[in-house]
Amino acid sequence: MKIKKPVAPLLPQLTETDFISLDDELIIEGLALKDQDLSYQDVRNLVFRECRFEKITMNRNHLERFECSNVIFDHCDLSNTEWIGASFHQVHFRQCKLTGTNFAESYLRDCFFEDCLADYVSFSATNQKVVQFQQTSLNDTEFVEVTWNNLLFDSCSLTGSNWFHTKLAGLDLTKSTFERIAFSQELLRGLTVTQEQAITIAAGLGLVIED
23 MKIKKPVAPL LPQLTETDFI SLDDELIIEG LALKDQDLSY QDVRNLVFRE CRFEKITMNR
83 NHLERFECSN VIFDHCDLSN TEWIGASFHQ VHFRQCKLTG TNFAESYLRD CFFEDCLADY
143 VSFSATNQKV VQFQQTSLND TEFVEVTWNN LLFDSCSLTG SNWFHTKLAG LDLTKSTFER
203 IAFSQELLRG LTVTQEQAIT IAAGLGLVIE D
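See the structure below:
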């Protein structure tokens, strides 16, 4: 399976001298934006389409009914942003800081997280289809009640992640690492792990393992 990475089109380039603000019902389309701080905003029905954002800071935003399609976030700080119930289609997060960001109840289609810091992120109750995490730190994340199809993890850290009430059949974690992890025991069937990972999971379920 291959992730369809968004293609970076030739877009009008804006810098910090061409300031934009985020407003309700705003559609931002066909724009390349660099070096701006768009933090601490409460916006409804914001739409990003065919855009590239580089070194943008969007901390602690509350973006209700947010839509994002064919967008690249490159070296952006998106920490603690609330994207609850959002829609992401063909979105590439490249070397972004996503610490504490909330994707709960969102739809993610053909999305790629590459070399990101995404500890303490919530993906609870998300619907994910063709989503890949590569070389991404996902410690203490929430994957509770996730509906997924083609979910890939490559060279990620998943220590402390919570997978309660998520079906695991077909999920492969062998290319990633975790020191502790939480699953619903009745949904473990079909999860692919290494022998060492299996011992870690068994210990977390309360089994006593002897040499």
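My numbering numbers the first residue of the sequence shown as 23 and each following residue consecutively. A virtual CB, placed ideally from N, CA and C, is assigned to each residue, including glycine.
Query raised in the report: Of the residues R82, D99 and V65, which one's Cα is nearest the Cα of E89?
Result: Of the candidates R82, D99 and V65, the residue whose Cα lies closest to the Cα of E89 is V65.
**Report entry** Selected residue, minimal CA-CA separation from D22, among M80, G107 and R87
**Finding:** Given a span of 23 to 233 for the chain in the structure shown, any question on residue 22 remains unanswerable.
Query - N-terminal and C-terminal residue of the alpha helix (DSSP H) that T79 is part of - result: It is not in any alpha helix (DSSP H) - T79 carries neither H nor E in the DSSP assignment.
Report task. Using three-state DSSP, classify T169 as helix, strand or coil. Result -> Strand at T169.
Query raised in the report: Which term fits K119, buried or exposed, when burial requires 16 or more other beta carbons within 10 angstroms of its beta carbon?
Result: With 16 or more Cβ atoms within 10 Å of its Cβ, K119 is classed as buried.
**Report entry** Euclidean distance between Cα positions of L32 and G52
**Finding:** Low local confidence applies: a pLDDT of 41 at L32 is under 50, so the model's placement there is unreliable, and no value is given.
Requested in this report: Would you check if the distance between the CB atom of L130 and the CB atom of W105 is smaller than 8 Å?
Outcome: Cβ atoms of L130 and W105: not closer than 8 Å.
Requested in this report: Report back the beta-carbon spacing between N161 and T181 to the nearest angstrom; my notes put them in contact at under 8 Å.
Outcome: N161 to T181, Cβ: 5 Å. Contact.
Query raised in the report: Just how far apart, CA to CA, sit T123 and V166?
Result: Between T123 and V166, the C-alpha separation is close to 15 Å.
Query raised in the report: Rounded to whole angstroms, how far is the Cβ of F125 from the Cβ of V152, which I believe are closer than 8 Å?
Result: The pair is not a contact, with the Cβ atoms about 16 Å apart (cut-off 8 Å).
Query raised in the report: Is the beta carbon of V215 within less than 7 Å of some heavy atom of the ligand MG?
Result: Only the bare structure without any ligand can be found here, which leaves the ligand MG out of the picture.
Report task. Please report how far the alpha carbon of T199 lies from the alpha carbon of C178, in whole angstroms. Result -> Straight-line Cα distance between these residues: approximately 6 Å.
Query raised in the report: Cα-Cα, which of V93, I78, Y62 and E76 is closest to F70?
Result: Of the residues V93, I78, Y62 and E76, the one whose Cα lies closest to the Cα of F70 is V93.
Report task. Whole angstroms is fine: what's the gap from Q63's alpha carbon to F145's? Result -> Spanning the alpha carbons of Q63 and F145 requires a straight line of approximately 21 Å.
Requested in this report: Mark R211 as exposed unless 16 or more other C-beta atoms lie within 10 angstroms of its C-beta, in which case mark it buried.
Outcome: Within 10 angstroms of the beta-carbon of R211 lie fewer than 16 other beta-carbons, which makes it exposed.
Query - Span separating the alpha-carbon of L209 from that of V215 - result: Between L209 and V215, the C-alpha separation is close to 14 Å.
Requested in this report: Check the C-beta distance from R202 over to T222 and give it rounded, since I have them as a contact under 8 Å.
Outcome: That pair is a contact at about 7 Å.
Report task. Ignore the nearest five residues each way along the sequence and tell me which others in Q35's own chain have a CB closer than 6 Å to its CB. Result -> Annotation note: pLDDT 47 at Q35 (below 50); position unreliable, coordinate value reported separately. Residues of the same chain with a CB within less than 6 Å of the CB of Q35, apart from the 5 flanking positions on each side, are A54 in chain order.
Requested in this report: State buried or exposed for S128, treating a residue as buried only when at least 16 other CB atoms are found within 10 Å of its CB.
Outcome: The residue in question, S128, is buried, as its Cβ has 16 or more Cβ neighbours within 10 Å.
Report task. Could you please give the first and the last residue of the uninterrupted beta strand (DSSP E) stretch that includes Q150? Result -> For Q150, the enclosing beta strand (DSSP E) stretches over residues N149 to Q156.
Report task. Since I believe F205 is in contact with F175 (beta carbons under 8 Å), could you give me their beta-carbon distance rounded to a whole number of angstroms? Result -> No, F175 and F205 are not in contact; Cβ-Cβ is about 14 Å, not under 8 Å.
Requested in this report: Pick helix, strand or coil for D103, following the three-state DSSP scheme.
Outcome: Going by the sequence as given, residue 103 is Thr instead of Asp. Of the three classes helix, strand and coil, the one that applies to T103 here is coil, per DSSP.
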